[in-house]
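Asker: Protein chains in written order, with the numbering used here: chain L, 1 to 368; chain E, 369 to 899.
Glycine included, every Cβ here is placed at the ideal spot set by N, Cα and C.
1) Does the beta carbon of residue 734 of chain E sit closer than 8 Å to a beta carbon anywhere in chain L?
2) Using Cβ-Cβ distances below 7 Å, what residues of the region 49-73 of chain L are close to chain E?
3) What residue range does the beta strand (DSSP E) around residue 643 of chain E cover?
4) Determine which residues of the region 747-759 of chain E have a Cβ less than 9 Å from any Cβ of chain L, and write them out in chain order.
5) Once you ignore the five residues that flank residue 512 of chain E on each side, which residues in its own chain have a CB closer than 8 Å to its CB?
6) Could you check whether residue 264 of chain L and residue 88 of chain L sit closer than 8 Å to each other, using their CB atoms as the reference points?
7) For residue 247 of chain L, would you say it is in contact with chain E, using Cβ-to-Cβ distances shorter than 8 Å as the test?
8) Could you check what DSSP says for residue 666 of chain E in three-state terms: helix, strand or coil?
9) Would you say residue 231 of chain L lies against chain E (beta-carbon separation less than 8 Å)?
10) Which residue from E/632, E/773, E/563, E/675 puts its Cα closest to that of residue 836 of chain E?
11) Shorter than 8 Å from the beta carbon of residue 243 of chain L to some beta carbon of chain E?
12) Beta strand (DSSP E) containing residue 67 of chain L: first to last residue?
13) Does the Cβ-Cβ distance between residue 227 of chain L and residue 795 of chain E come in under 8 Å?
14) Here's the rule I'm using: 16 or more other beta-carbon atoms within 10 Å means buried, otherwise exposed. How should residue 259 of chain L be labelled?
15) Output yes or no for whether 8 Å exceeds the beta carbon distance between residue 591 of chain E and residue 617 of chain E.
16) Starting from residue 713 of chain E, find everything on chain L with Cβ-Cβ shorter than 7 Å and list it in chain order.
17) Along chain L, which residues have their Cβ under 9 Å away from the Cβ of residue 718 of chain E?
18) Compare the C-beta of residue 731 of chain E with all C-beta atoms of chain L and state if any pair is closer than 8 Å.
19) If I'm right that residue 949 of chain E touches residue 607 of chain E with Cβ under 8 Å, what's the distance once you round it to whole angstroms?
20) Does residue 877 of chain E come out as helix, strand or coil in the three-state DSSP assignment?
21) Could you check whether the Cβ of residue 86 of chain L sits closer than 8 Å to any Cβ belonging to chain E?
22) Can you tell me whether DSSP reads residue 737 of chain E as helix, strand or coil?
23) Grouping DSSP H, G and I as helix and E and B as strand, with all else coil, what is residue 324 of chain L?
24) Does the CB of residue 238 of chain L have a neighbour CB from chain E at under 8 Å?
25) Excluding the 5 residues preceding and the 5 following residue 231 of chain L in the sequence, name in chain order all residues of the same chain whose CB lies nearer than 8 Å to its CB.
26) Should residue 879 of chain E be labelled buried (16 or more other beta-carbon atoms within 10 Å of its own) or exposed?
27) Give the list of continuous beta strand (DSSP E) stretches no shorter than 3 residues that lie fully inside the region 798-837 of chain E.
28) Of all the beta strand (DSSP E) runs that stay within the bounds of the region 694-735 of chain E, which reach a length of 3 or more residues?
29) Out of curiosity, what's the CA-to-CA distance linking residue 381 of chain E and residue 389 of chain E?
30) Can you tell which of E/408, E/599, E/776, E/569 has its C-alpha closest to the C-alpha of residue 804 of chain E?
31) Got a sec? Which residues, its chain only, sit under 8 Å from residue 42 of chain L by beta carbon, not counting five neighbours each side?
32) Can you list, in chain order, the residues of its chain with a C-beta nearer than 8 Å to that of residue 892 of chain E? Leave out the 5 residues immediately preceding and following it.
33) Return the first residue and the last residue of the alpha helix (DSSP H) that residue 124 of chain L is part of.
34) Can you name the start and end residues of the beta strand (DSSP E) that residue 608 of chain E belongs to?
35) With H, G and I counted as helix, E and B as strand and the rest as coil, what does DSSP make of residue 749 of chain E?
36) Just to confirm, are residue 435 of chain E and residue 408 of chain E a CB contact at a threshold of 8 Å?
This is the structure we're talking about:
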């Protein structure tokens, strides 16, 4: 019997962590002489109070769903892929190349092609560390993080020397042709009579992200590969006994992970910027780690955690805009949430487990 | 917790006037819903060897962990030499004069004996004075108790029996008066075990108190003065060893009479199923673990491989199970199988009709975090029966698991529980249910009853013999001589990567097998020194 009921594990513990993070954040805001309650209201208002706010929150959340899922699938195979940043960077390159290669007549054709482009490039960027880990025993954490830097350098080179339109001083590609532009939530909801903010960047990629959550859940818990992947993640010696080849699982999980991270680019590159710029990933690869930790590597948990982080991003931007709370402090608040929900998980989990143990024991005692 | 002292009517071996070395009063400890210790009351007299015997999961190790400060009891009191003592951690236990020798030694492999003894008990920042002081004391203690060890030998270079002596020396160096040994003979040859018992008797005669935790009745009878029996977290009886019998203890342990002998009809061996020739394994450190062994197993017979752990038996199972690569030749039903690992693995072995109950069910045979129904498909997840196209047939698996759990008497019969929530014996039954119900041509079984309680041992043995009687070939590896002698139709003894000889169980005895296990054959005398 597990110590805690499932709802406590997946809901109660993260919520308590979150409340702790908020309390500390409130103290920090108090310390610089601002009103934490007003700040919270502003964050909620700015990110959830309007379709404009929602449009941004969901836009950020879409990024975090992809990178969070990427980290999660690797987690299940006990691989710590912290190269989501680099894989998403390369995914952006893949999406851009697809979008610029052909004069796409319609987004419905451009989107699947761009998805393939992003996934292949992202997967390829994960493939090298995965191969090194499977065949040479190189530590996946070290190699993937190094590949983030190489990825950034590759993108830099490509933008400056290859993809930059002649005459432009900006290290960015040309604008993608209109046939690649994805429908935004505004356009998608209009036929249903729902008016959604026109200027918010959320687009059809959000639905792709939802679909990815479902497919990944299916893959992990309903397929043979998922079974083998989880078995390998729990016990490598057990997997070898069962005839599961480690190389297959390491490569498979990392390729899927890289592909998911690369898929993020359809949201940022194709959906929002409509061209490839430097640093289009903006740290989402790293946020994905926190999202996966907080979501306990479950696609549904990842979705919820991603929306929470979307809220923090958008709410943080609003704070910076409307108050004297400096931009850096927003990063501090985001950092606190990551710290409490990810790194300090056990700090909350252990006392909660103790409470449940005591409750159960007193119940049992009454029953006997 | 109410005082249950009234139930502690067992007379211990202590003289009535002296305070007991250890007295436990009403100790209880629960892990979640599992009550590991229930109101335990125990007195151990000074200068006695006290045995604690019980099935796996009976709560012996938990009780000792409480005594050594690893766990805190939910309620109850510990008295050391009559003084109520709080033991919040192992430091306090050591201060109270308690020493513990764990089943798995806690030694630093690349440190010398001396360094291991001093580790954690250094006098200051500089090592030199501590080491030279320790060397003097160590020599003294070693002489006193006839425990000869070379203080400068590295742990990795000495045998397990010697390593155990180092563990004991560690405790004595820390001035332990009470020594707890947890399953100390699990890794020893019969001769090494006898030596250990001599040391324990010597320690007792010097006034030390010894608690011996074991599930081996023979050891209890041989070395202890008093013995306590634990069952399901409770102390069911404490008796003088001289006044009891193995049968009575076994009955007290499981609460009913058990067959200690395996009940089986003579074998009717058929065609050769497994033929192994010149099998060699070289491990990562370039050490030859198997030095060219050959044997056969025929349909309808059990070949038992006896030997002290680490003499190549594990490698035999791992090669045949597709886990380790090897050179040589292995044939199944006349067909050669690939040993290089390039075209074969655990899965291709299973497809050839080899089922494998591994020695280590927790690290290999099961995924501890997986539900029982998932574990029932573990290793066979590719089977079309378990899959509907792209997806696995989870519902069908769960249904099938119910039947398997019922037929193999897995308790509790809840397929959704994770494997880690079952006791050792029930975990083993899950593995056996999975492997035996595949109806394999060859069943590889490693340590089928290690850490399994007596009631389940009988059941597991019967199932394996049923499979034999159904005309299947069985290769049994066990470090329990009694099990090998009881189960096998033929016995091969391994030592240092070689088969020292084959015997028929009716024509041999534990003494002869013990000599073979130590590498000594009747005609050649001492063969080779133990590695």
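Answerer: On the basis of the data shown:
1) Yes, its Cβ sits closer than 8 Å to a Cβ of chain L.
2) Close to chain E, meaning a Cβ-Cβ distance shorter than 7 Å, is no residue of the region 49-73 of chain L at all.
3) That run of the beta strand (DSSP E) goes 640-650.
4) Hits within the stretch, in order: 747, 748, 749, 750, 754, 755, 758, 759.
5) These residues qualify, in order along the chain: 574.
6) In this structure, residue 264 of chain L lies closer than 8 Å to residue 88 of chain L by Cβ.
7) Under the Cβ criterion of 8 Å, residue 247 of chain L is not counted among the residues facing chain E.
8) Three-state result, residue 666 of chain E: strand.
9) Under the Cβ distance rule, residue 231 of chain L counts among the residues neighbouring chain E, one pair being separated by less than 8 Å.
10) Looking at E/632, E/773, E/563, E/675, the one whose alpha-carbon comes closest to that of residue 836 of chain E is E/632.
11) Chain E, which has a Cβ nearer than 8 Å to the Cβ of residue 243 of chain L, makes this yes.
12) Counted as a single uninterrupted DSSP element, the stretch harbouring residue 67 of chain L is not any beta strand (DSSP E) but the alpha helix (DSSP H) occupying residues 51-76.
13) No, the pair does not count as a contact, with Cβ atoms beyond the cut-off.
14) With 16 or more other Cβ atoms from the protein chains shown falling within 10 Å of its own Cβ, residue 259 of chain L counts as buried.
15) Contact: no.
16) Those within 7 Å of residue 713 of chain E in chain L are 243, 245.
17) By Cβ distance, chain L contributes 242, 243.
18) The C-beta of residue 731 of chain E comes closer than 8 Å to at least one C-beta of chain L.
19) Shown here, chain E extends from 369 to 899; a query on residue 949 of chain E therefore has no answer.
20) Three-state DSSP puts residue 877 of chain E in coil, outside helix and strand.
21) No, its Cβ sits nowhere closer than 8 Å to a Cβ of chain E.
22) Coil, per DSSP.
23) Looking at residue 324 of chain L - three-state DSSP - the assignment turns out to be coil, as it is neither helix nor strand.
24) It does: the Cβ of residue 238 of chain L has a partner Cβ on chain E nearer than 8 Å.
25) Hits under 8 Å: 238, 239, 242, 244.
26) So residue 879 of chain E ends up on the exposed side.
27) With a minimum length of 3 residues, the continuous beta strand (DSSP E) runs that stay inside the region 798-837 of chain E are 810-814.
28) If we require 3 residues or more, the beta strand (DSSP E) runs fully inside the region 694-735 of chain E come out as 695-700, 722-725.
29) Interpretation of residue 381 of chain E is limited by its pLDDT of 43, a score under 50 that renders its predicted location unreliable; no figure is taken from the coordinates.
30) Nearest option by C-alpha distance: E/776.
31) Only 315, 318, 319, 322, 323 meet the Cβ criterion.
32) Below a pLDDT of 50, predicted positions are generally treated as unreliable, and residue 892 of chain E, at 47, falls in that range; the measurement from the model is reported next regardless. So no residue of the chain qualifies.
33) It spans 107-131 - the alpha helix (DSSP H) in which residue 124 of chain L sits, taken as one unbroken run.
34) It spans 602-608 - the beta strand (DSSP E) in which residue 608 of chain E sits, taken as one unbroken run.
35) Residue state, collapsed to three classes: coil.
36) For the 8 Å CB-CB criterion, residue 435 of chain E and residue 408 of chain E do not form a contact.
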